[in-house]
Amino acid sequence: MIFRTIAALAAALLITLPGRALAHIGDHVRGIESGFLHPFSGLDHLLAMVAVGLIAARLGGPALWQLPVAFISAMVAGAAVAVTGMTVPLVEAAILASMIICGAALIIDANVPVTLAVTGTAAFAFFHGLAHGTEGPAAAPLGYIFGFIGGTAILHMAGIAAYRGVARYDVAAAAALRIAGTVIMGAGVGLAYVA
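Right, dumping it as structure tokens:
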């Protein structure tokens with residue numbers, strides 16, 4: 639039953655891949671509501687943020703809150719840099735790399751030190767924030783930033799909840815993480831190919 643649910647979710651996510659997969663659809667003039675919806679508007683941000691929640695829950699302990707906090711903090715820092723007009727190269731490549739590396743970590747069930755996980759999460763989140771900040775409204779960036787903080791937190795919580803939902807099934811939990819990691823990594827590779 640769990641495998642069918644995961645397979646159906648993976649198929650639903652992959653069906654959307656040929657469309658506008660990257661979360662850069664413009665029309666961010668409404669501030670907080672557009673900011674809130676932005677992380678949900680493309681597979682690149684959505685899957686990376688869910689992956690952070692999955693990894694945080696998998697590592698447990700202080701990582702459960704440290705990874706999401708590190709991600710959101712660094713994302714806000716990246717958005718602040720973008721709002722100043724400063725440009726940073728390879729933003730899209732770093733976002734896609736975040737998907738590929740997070741997916742790979744889930745596939746191999748990596749038991750990395752929390753410090754390394756937090757540092758890596760923050761580094762990738764900075765680039766997600768740069769992308770968010772670049773696409774936000776110049777006139778009202780604060781509401782937009784608060785909005786994408788909320789959307790991101792929900793995606794992290796979704797990853798945590800998904801892991802906790804299957805964690806009580808030892809073998810199924812490991813398989814579910816590998817399936818989720820394969821979907822996330824595969825989407826990252828696919829987006830890199832079409833980008």
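Each residue of the sequence shown is one higher than the one before, counting from 639 in our numbering.
Each residue gets a CB set at the ideal place from its N, CA and C atoms; glycine is no exception.
Just so you know, the alpha carbons of alanine 742 and phenylalanine 784 end up roughly 30 Å apart. If only uninterrupted beta strand (DSSP E) runs of at least 3 residues are considered, none is enclosed by the region 715 to 794. Between the alpha carbons of serine 711 and isoleucine 745 lies a gap of roughly 26 Å. The shortest CA-to-CA distance from alanine 763 to any of Gly819, Gly680, Ala715, Met823 is the one to Ala715. With the rule of 3 Cβ pairs closer than 8 Å, the region 799 to 815 does not count as touching the region 717 to 726. Look at glycine 797 here: in three-state DSSP terms it is helix. Membership of arginine 816 in the alpha helix (DSSP H) is indicated by the continuous run 808 to 832. DSSP, reduced to helix, strand and coil, places serine 711 within a helical segment of the structure shown.
Judged by beta-carbon spacing, histidine 794 lies beyond the 8 Å limit of glycine 680, meaning their Cβ atoms are not closer than that value. Serine 679 sits in coil when the DSSP states are folded into three classes, being neither helix nor strand.
Counting C-beta pairs closer than 8 Å gives fewer than three between the region 752 to 762 and the region 818 to 828, which falls short of the contact rule. Residue state for glycine 803 is assigned as helix, using DSSP reduced to three classes.
The beta carbons of proline 706 and alanine 694 sit about 6 Å from each other, so the pair counts as a contact at 8 Å. With a cutoff of 8 Å on beta-carbon distance, histidine 676 and glycine 789 are scored as near each other. One alpha carbon belongs to arginine 816, the other to alanine 689, and they sit about 11 Å apart. Exposed is the label assigned to tyrosine 831, since fewer than 16 other Cβ atoms lie within 10 Å of its Cβ. Between isoleucine 733 and alanine 769, the beta carbon gap of about 6 Å places them in contact (Cβ cut-off 8 Å).
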